[in-house]
Every structure is written in structure tokens, then in C-alpha cells.
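Structure first, commentary second.
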Amino acid sequence: MDQVNCMYSPHVLVVTAGTTVDITSSDPVAHNVHSHATKNEAPNWQIPGPGKALPLKLEKREAIKFTCDIHNWMTGYIFVTDNDYYAVTGYKDKEGKWISSDAYEGSSDTGAYMIKDVPAGKYRVQAWHEELGTTKASVIEVADSGEVEISFTSADFKKK
Ligand SMILES: [Cu+2]
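Read in order, the letters of the sequence shown are residues 25 to 184 in the numbering used here.
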């Protein structure tokens, strides 16, 4: 996860448990990476500038908020999952322009998402939004072929 123009980039990163994420900075100013993890290591690191990568091993499933102790507007999130079935949608910037999350296959620069190649079975699907919180889990049944469509509206979210 990089820091670019005093923002975490990407804003939301999803990794599977056991992944080591390199926290870096592309900015000529110092940042202070402050993890609010409770189940994983929660560093509070100063990064003086570009050229240094601080490896952070994430072992347990958790939604981790990151802030910067120097720039109070900086927030970023790393979701540590225990499975490969997730997607990150695009998001709107302050001017209302869609920003793509195209680092993820199946994500788009709209609020749409697609999770491919899910084996047949019963699953619980949840959505998370930075301001709206988390939805209740929808229980779905995936067949051997075809598509299952689940949409979330703001009414589905409950603030945590
Ligand atoms: Cu900062």
C-alpha cells in the first residue's frame, strides 16, 4: 500500500490472510502509518519519504483502518480475508468522478462488482462501505453454472 499525494493508495486493499503487504510512500514528505488492527500486528511507523518499504505481515481475518498521525485526513483500509471470493468496487472522489479499483479483476469504475468462479454451494455475502458500515449477510446458493445477482442499497447497511 503506497501513499501518494497524502492519500493511501489504493484507498481499500484486500489481501488473503498470510500475505505480507509492503507499506511504501511516494511522497517527499514524512507520513506516519498508524494501523488500528486489533487481531494483527498494529504498527505505528514513521515513513520519512520514498524508497523505504515496510513489510507488514497480516495473519488474521480483519478489516483494518489506517490513519496517518501527521495528516489527519489520510485514511486507508486493508481487508484481510480468509477466502479468495471478494471484489472492490470503484468509488467517487470529492468531485463525484468515479475512480476505478481496477487492481482487482471483476471490479469496475462504478459501484458494480463481479466475483467469478465461485464453486457451487451456499455462501454468505456481505458488503462494506466506508461511511455506511456493513450489510447483514445475504445467504445465497450458487449452482454449478450461471450467475447469482445480489445488489445492495444504502438501506441495507447498518452503521457499526
Ligand atoms: Cu501522512
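The beta carbon of each residue, even a glycine, is placed where N, CA and C say it ideally should be. This one's a predicted model, so the numbers in the text were calculated from it and none came from an experiment.
- Query: Which whole runs of the beta strand (DSSP E) in the segment 104–144 are 3 residues long or more, in chain order?
  - Reply: none
- beta strand (DSSP E) runs contained entirely in the segment 32–105, provided each spans 3 or more residues: 36–40, 43–47, 55–59, 68–71, 78–82, 86–92 and 99–105
- Task: Pair every Cβ in the segment 133–142 with every Cβ in the segment 104–122, then say whether three or more of these pairs are closer than 8 angstroms.
- Result: yes
- Message: Buried or exposed, going by whether 16 or more other CB atoms sit within 10 Å of the CB of residue 27?
- Response: buried
- Under 8 angstroms, do residue 88 and residue 64 count as touching if we go by C-beta distance? yes
- So what's residue 178 in DSSP terms, helix, strand or just coil? helix
- Query: Going by the CB atoms, is the gap between residue 45 and residue 102 shorter than 8 angstroms?
  - Reply: yes
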